[in-house]
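Asks:
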Amino acid sequence: MRLNLTSYGDADFSLYLRKAFIKALGYTEDSLGRTVIGIANTFSGYNPCHANVPDIIDAVKRGVMLAGGLPIEFPTISLHESFAYPTSMFLRNLMSMDTEEMMRAQPMDAVVLVGGCDKTVPAQLMAAASVNLPAISVVTGPMLSG
371 MRLNLTSYGD ADFSLYLRKA FIKALGYTED SLGRTVIGIA NTFSGYNPCH
421 ANVPDIIDAV KRGVMLAGGL PIEFPTISLH ESFAYPTSMF LRNLMSMDTE
471 EMMRAQPMDA VVLVGGCDKT VPAQLMAAAS VNLPAISVVT GPMLSG
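Position in the sequence shown (first residue = 1) + 370 = our numbering.
(1) Would you call glycine 511 buried or exposed, if buried means 16 or more other Cβ atoms sit within 10 Å of its Cβ?
(2) Using a threshold of 9 angstroms, state whether the C-beta atoms of valine 484 and isoleucine 409 are closer than that.
(3) Which word fits methionine 473, buried or exposed, when buried means at least 16 other C-beta atoms lie within 10 angstroms of its C-beta?
(4) So isoleucine 392 is in the alpha helix (DSSP H); what residue range does that whole segment cover?
(5) Given that a residue counts as buried once 16 or more other Cβ atoms are within 10 Å of its Cβ, and exposed if not, what is alanine 429?
(6) Can you tell me the Cα-Cα spacing of lysine 431 and isoleucine 407, whole angstroms?
(7) Out of His450, Asn411, Ala437, Pro424, which one is the CA nearest neighbour of serine 401?
(8) Output the distance between the C-alpha atoms of alanine 390 and serine 515, rounded to the nearest integer angstrom.
(9) On the CB-based measure, 16 or more other CB atoms within 10 Å of its CB, does isoleucine 427 come out buried or exposed?
(10) Does the distance from the C-beta atom of asparagine 417 to that of leucine 449 stay below 9 angstroms?
(11) Taking 8 angstroms as the cut-off, does the CB of proline 492 come closer than this to any heavy atom belonging to the ligand SAH?
(12) What three-state label does DSSP hand asparagine 417 in the structure shown?
(13) Just curious, the beta strand (DSSP E) that valine 470 is in, first and last residue?
Written as structure tokens, this is what we have:
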């Protein structure tokens with residue numbers, strides 16, 4: 371929880387505020403001392419490639435907890451070719467920046483990038499390459515036909 375503290379001129383006060391706010395989400399003091407594993411959530415109702423992301427994230431969370439870590443998911447942009455305007459390639463770069471900034475801004479010791487589609491996974495890998503943080507990519511697999 372000490373990673374990337376906002377500077378109010380007093381690191382202890384910054385940590386106190388962070389813990390006070392995150393405890394409002396139900397986290398305990400004990401859990402906050404564990405290794406924090408961020409989980410990038412790319413689910414969207416507009417993205418059929420990511421329909422199974424909630425199930426994958428639940429499985430990742432269970433694995434992180436079994437290993438003694440604290441899983442915390444965070445949202446990122448979700449891309450799908452059919453719903454991307456002006457183009458998904460343009461938005462891929464925006465998603466990469468969004469994912470990178472979320473990884474830099476939040477207190478996490480490592481990250482699991484959950485995504486699918488041909489623009490999402492490269493965007494996540496571009497973000498991971500720019501951040502000095504251990505990362506692993508979990509690809510969603512094939513989508514259902516419609």
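Even for Gly, the Cβ is constructed at its ideal location relative to N, Cα and C.
Every value quoted in this text rests on a predicted model; they were computed, and no experiment measured them.
Replies: With the given structure in hand:
(1) exposed
(2) yes
(3) buried
(4) 381 to 393
(5) exposed
(6) 9 angstroms
(7) Ala437
(8) 45 angstroms
(9) buried
(10) yes
(11) The ligand SAH is not part of the structure shown, which contains no ligands of any sort.
(12) coil
(13) The question names valine, but residue 470 is glutamate in the sequence shown. Run containing glutamate 470: none in the beta strand (DSSP E); it sits in the alpha helix (DSSP H), 458 to 475.
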